[in-house]
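Residue numbers (the numbering used here): 389 to 743.
Have a look at this one:
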């Protein structure tokens, strides 16, 4: 909002040596994540329509490509807003699971902490899905898209932001993060109160999860889990491939943006199509989607800390931000988060090698 560029554009201008490693890591992690999500969507549809999941992989992938390539920015924005409502299904699934309230409160307020690779790996994965590198690129680029859709097509028109605009963006981001964390909490609650209690910890797919959940929490909970998986997947894949496209386009100086037609931004849409198709192939190869999701989340968790360092450097760089550099509170929160992510990543590496 301040520079008029997305994150990759700012890094290219002020920290060029860090740009390409960051973008390469982003593209690789996002493509793997997209493949896992496509497989999860297909498996979730299979829970509702009793046809082999592999049948749905190609139609789902092509449908997502069509939405991004043929749909306008405003259409995609509306679709995303409605898909976000599907995430409420996870809250419903938790309620149908009928968890023990006393144990839920105890587990929520007094977490169990272990220092073994498996525990720390899941912790890093959880952090990686919460503070995901692709969101850094996507969020910044969407702010640019929003301004372009308002008629600010030239860079100078987009540079600078009022206090009101910055506060609105801050509270909009906070609201989105709170919503996502509430949903994540209920996902953990559902699986912890049912699958974990029953000793079912070796879940290989969405189908396995729903089938294991059905006798423990009923058909309604399993159905809501499927709805949540479909909504979350269709919401996430375009963000993953779109973030990769924004990052590469800004790194190489290509025209980018969902407001453009494919003829105006062929490289941008080419990355979206290629990343989705590679993800589709990953899903067709029957790679364990749960394992792939965890692996991609761990990768996100490992690369988040270095990217957070860059974000903090940019946000305190007067050459980039002018008078809109971070205040003390944002710096404290940002560097604290960066340190926590870094310590968790280092702990995973150390325990994996020596544990």
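Heads up, the beta-carbon is just placed ideally off N, CA and C, and yes, glycines get one too.
What you are looking at is a predicted structure, and each value in this text was computed from that prediction instead of being measured.
If you draw a 10 Å sphere on the C-beta of residue 677, you find 16 or more other C-beta atoms in it, and that means buried.
A distance of 8 angstroms or more separates the beta carbons of residue 525 and residue 662. In the three-state DSSP reduction, residue 462 falls in the helix class (H, G or I).
If you compare the alpha carbons of 515, 523, 481 with that of residue 611, the shortest gap goes to 481. Annotated three-state conformation of residue 664 is helix, per DSSP.
Residue state for residue 649 is assigned as coil, using DSSP reduced to three classes. At the C-beta level, residue 522 and residue 647 stay beyond 8 angstroms of one another. With fewer than 16 neighbouring CB atoms inside 10 Å of its own CB, residue 649 falls in the exposed class. For the set 424, 455, 741, the Cα lying nearest the Cα of residue 657 is the one of 455. For residue 400, the enclosing alpha helix (DSSP H) begins and ends at 395 to 402. Counting other Cβ atoms within 10 Å of its Cβ, residue 674 stays below 16 and is therefore classed as exposed.
Taking C-beta atoms as the reference points, residue 428 and residue 689 fail to come closer than 8 angstroms. DSSP places residue 491 inside the alpha helix (DSSP H), whose first and last residues are 489 to 497. The Cβ atoms of residue 528 and residue 682 do not sit closer than 8 angstroms to each other. Taking all protein chains shown into account, residue 556 has fewer than 16 neighbouring C-beta atoms within 10 Å of its C-beta and is therefore exposed.
Two segments are said to touch when three or more pairs of C-beta atoms, one from each, lie closer than 8 angstroms; by this definition the region 689 to 704 touches the region 720 to 736. Within the model, the alpha-carbon separation for residue 710 versus residue 635 is close to 23 angstroms. The residues 702, 705, 707, 708, in chain order, have a CB closer than 7 angstroms to that of residue 402 in the same chain once the five nearest residues on each side in sequence are set aside.
In its chain, beyond the 5 residues on either side, 639 have a beta carbon closer than 7 angstroms to the beta carbon of residue 408.
Every alpha helix (DSSP H) of 4 residues or more that sits fully in the region 414 to 458 is shown, in chain order, as 442 to 458.
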